[in-house]
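Below is one structure, written out as structure tokens; the observations come after it.
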Amino acid sequence: MHIDSLNLVYFDKDTSFDYLYPKRIQNLSERHWTPLEIAKKSSEYLSAPNSKVLDIGSGVGKFCITAGFFEPETLFYGVEQRKDLFNLAESVKNTLDLPNVKFIHNNITNLDFELFDSFYFFNSFYENIMPDLGIDHKVAANSELYSHYTNYVYQQLDQMPSGTRLVTYHGSIKQIPSSYKLIDNTHHFALKMWMRE
Ligand SMILES: C[S@@+](CC[C@H](N)C(=O)[O-])C[C@H]1O[C@@H](n2cnc3c(N)ncnc32)[C@H](O)[C@@H]1O
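Read left to right, the sequence shown gives residues 2 to 198 (the numbering used here).
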């Protein structure tokens, strides 16, 4: 597989990529979707030939699609609880013809992390403690769910083998098990690269 130069134009700047989506989704981009630069840097760290990367809460697919485009030998999976966002992610993935990107419509608590090799996490559960800053009001959001989802991810990450890679963008370091060592911390401390010891 190689980079499709015809589609390169979408990855030139964030507004070019966001233009693939309806206006409502474009307006959410700055707060809720990973910037292209962050997706590229993160995917370089997470990728390896034939390995499987999971985006925990994939939204409209901006991380997975960008990562899958620039890292064609790695498989990127995104799990998303909102059906309308999952549908949009599928649609743009098909437009850009990326066979190494897969989206799953489900709640993160139904996925076994052992099926994957590395993980990307953009503070997906924040809407449960700050609902007014959320995407919409289509899903339940409350502090009990924040704890439930955070604890699930924590336990799943902790049981992964030594050498497992994780990238977090924003969010609290309290969400990450102490078994993960911080390897890099950039972009005003928002972008963190971790490795399971
Ligand atoms: C901040 S957005 C990030 C989207 C994507 N990772 C990106 O960077 O472009 C977080 C997403 O996680 C989803 N999400 C939140 N809790 C979830 C859960 N328990 N299971 C699956 N998806 C969830 C939200 O619906 C939202 O689309």
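From the three backbone atoms N, C-alpha and C, an ideal C-beta is built for every residue, glycine too.
Quick check: what's the CA-CA separation for residue i versus residue j?
i           : j           : result
residue 95  : residue 46  : 25 Å
residue 1   : residue 171 : Limits of the chain in this structure are 2 at one end and 198 at the other, which puts residue 1 out of reach.
residue 7   : residue 145 : 46 Å
residue 134 : residue 128 : 6 Å
residue 124 : residue 34  : 11 Å
residue 80  : residue 16  : 24 Å
residue 163 : residue 190 : 24 Å
residue 10  : residue 99  : 15 Å
residue 31  : residue 115 : 32 Å
residue 161 : residue 23  : 37 Å
residue 169 : residue 121 : 6 Å
residue 88  : residue 178 : 32 Å
residue 151 : residue 38  : 26 Å
residue 54  : residue 43  : 11 Å
residue 64  : residue 40  : 5 Å
Among residues of its own chain, excluding the 5 on either side of residue i, which ones have a beta-carbon nearer than 6 Å to its beta-carbon?
i          : result
residue 91 : 104
residue 48 : 72 and 75
residue 26 : 61
Around the C-beta of residue i, are 16 or more other C-beta atoms found within 10 angstroms, so that it is buried, or is it exposed?
i           : result
residue 157 : buried
residue 101 : buried
residue 36  : buried
residue 19  : buried
residue 184 : exposed
residue 57  : buried
With DSSP as the reference, please indicate the residues paired to residue i in a beta bridge.
i           : result
residue 131 : Per DSSP, none; premise fails for residue 131.
residue 93  : Paired residue(s): none; residue 93 is not in a bridge.
residue 57  : 80
residue 186 : 193
residue 177 : Beta-bridge pairing links residue 177 to no other residue.
residue 119 : 54 and 166
residue 104 : 79
Cutting at 7 Å between CB atoms, please list the residues of its own chain near residue i, excluding the five before and the five after it.
i           : result
residue 140 : 82 and 83
residue 180 : 159, 197 and 198
residue 142 : 128, 129, 132 and 135
residue 119 : 47, 52, 54, 165, 166 and 167
residue 108 : 82
residue 106 : 81, 84 and 87
Under 8 Å Cβ to Cβ from residue i, same chain only, skipping five residues before and after it: list those, please.
i           : result
residue 136 : 29, 33, 60, 83, 86 and 128
residue 138 : 132
residue 5   : 70, 97 and 98
residue 195 : 166, 167, 168, 169, 177, 181, 182, 183 and 184
residue 110 : 149, 150 and 153
residue 93  : 21, 22, 61, 62 and 66
residue 14  : 37
Answer with yes or no whether the minimum CB distance from residue i to chain D is below 8 Å.
i           : result
residue 139 : No chain D appears in the structure shown, which is made up of a single protein chain.
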